[in-house]
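For the sequence shown, my numbering assigns the number 5 to the initial residue and increments by one for each residue that follows. Beta carbons are placed, not taken as given, at the ideal position from N, Cα and C, and that holds for glycine. Since the structure comes first, as structure tokens, the remarks are kept for the end.
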Amino acid sequence: MENSNGNAAGGASFKDKARTAWSDVIGDSNPILKISGIIGAFLVVLIGFFGFFSVFNAVLSPLSYMLSIFYIIFGLVLLAVEAAPKWSLSELILHWAPFLGTLIGRGLMVSHHGAILSLRMAGPQSSTIGAQSFTPGERPQPTGFKARVKNIWGKVTEGDPVHIRILGSLAAIGILVVAILGCFNFANSVLNPLTYILTVFYLIFGIILCFVEILPSSGITGWFIERAAFLGTLYGRSLVYIYLGLLYIGGGSQSGASSWAYIVLGIYLVVIAIIFIITGWRVNSARASGSLPNSRV
């Protein structure tokens, strides 16, 4: 009797723990949306692993192989946020990317990857984005047009290497221009709607990056940084550059003059990513030694 009662008590305890764990996962979210998010994140990880363990893919298509690594990372990030939102790892992720704590933010991220993966299954994709940014400072006090322009540029380069700001601004403008040109390709929206959807995503990314790069002191930039804190670091932006640069290079496999624009922009973004990593390491080393004041990168 005691053993049976003990087993019953143990069974009840297990059920309570399972119920509590499930309640932590669901929280205040709709169960259907939560389950759908977990399944979607798991599929992204699964597809990324398939590409990662494809040895032939690593030899014949190294760009696709590198993108598979990014897909694994993105999938694991989404899976942690969806399935274990109270874990310390999930809290760290949400600290650097608060937009993942919202349904809209996760929905946009899943939609973006869904469109990319669908294009990869159907054929060559078309465009991509990459860029960099930094954290907002205080708003300048304008005292005229010339003073306002001078103050804005002073805020852009404040505490950071000037060449980093120039390279980042050119990257953001390039992304925006290529995306705008892609949006005016209405034939593409009919013949290849997935590519057109990706172009819209790239347009949004380009606008965000232009604000962060060119107008770091604006309130809009502050709003972006609050929801994507990783954009305020050189290392975070370098990862964005590498990912989007690889997508642009991959999108350049299509025929036509526009393919060269994608390839050139993609190579430029990858090179900038490397420069950002090296500069970030040097800046952090100098800052740790006390020879350089804190900046916003």
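Separation of A176 and L243 (C-alpha to C-alpha, rounded to the nearest whole angstrom) is 15 angstroms. Contact between the stretch 166-176 and the stretch 202-220 is present, with at least three C-beta pairs closer than 8 angstroms. Taken through DSSP and simplified to helix, strand or coil, F190 comes out as helix.
Boundaries of the alpha helix (DSSP H) around K38: 35-56.
C-alpha of S263 to C-alpha of G255: approximately 7 angstroms in a straight line. In the three-state reduction of the DSSP assignment, L219 falls in the coil class. Of all alpha-carbon atoms in F57, I76, L67, G55, the one lying nearest the alpha-carbon of F46 is that of I76. Here P89 carries a coil assignment [DSSP, helix/strand/coil]. The stretch 187-198 makes no contact with the stretch 101-115, as fewer than three CB pairs between them are under 8 angstroms. Put simply, of W100, T106, S68, Y69 the residue whose alpha carbon is nearest the alpha carbon of E86 is T106. Proximity of the stretch 49-59 to the stretch 222-241 falls short of the contact definition, fewer than three beta-carbon pairs being nearer than 8 angstroms.
Sequence-distant Cβ neighbours of S72 in its own chain, meaning closer than 7 angstroms and more than five residues away, are G52, G55, F56. Here S289 is exposed: its Cβ has fewer than 16 other Cβ atoms, across all protein chains shown, within 10 Å.
With a threshold of 16 other beta carbon atoms within 10 Å, L269 meets it and is buried. About 7 angstroms separates the beta carbons of I281 and Y239, which is inside the 8 angstroms limit, making them a contact pair. When DSSP states are grouped into helix, strand and coil, P165 belongs to the coil group. Taking a 10 Å sphere around the C-beta of P35, we find fewer than 16 other C-beta atoms and assign the residue as exposed.
Assignment of S293 by DSSP, reduced to helix, strand and coil, places it in the coil class.
Cβ neighbours of G44 within its own chain (closer than 6 angstroms, five residues either side excluded): V114. The beta-carbon distance between L250 and I120, rounded to whole angstroms, is 11 angstroms. This is too long to meet the 8 angstroms contact definition. Apart from sequence neighbours up to five positions away, the residues of its chain that approach I218 with a beta-carbon distance below 6 angstroms are S173, ordered along the chain.
Going by DSSP, G255 is part of the alpha helix (DSSP H) stretching over 238-255. Nearest to F78 by C-alpha distance, out of Y247, F190, Y266, is Y247.
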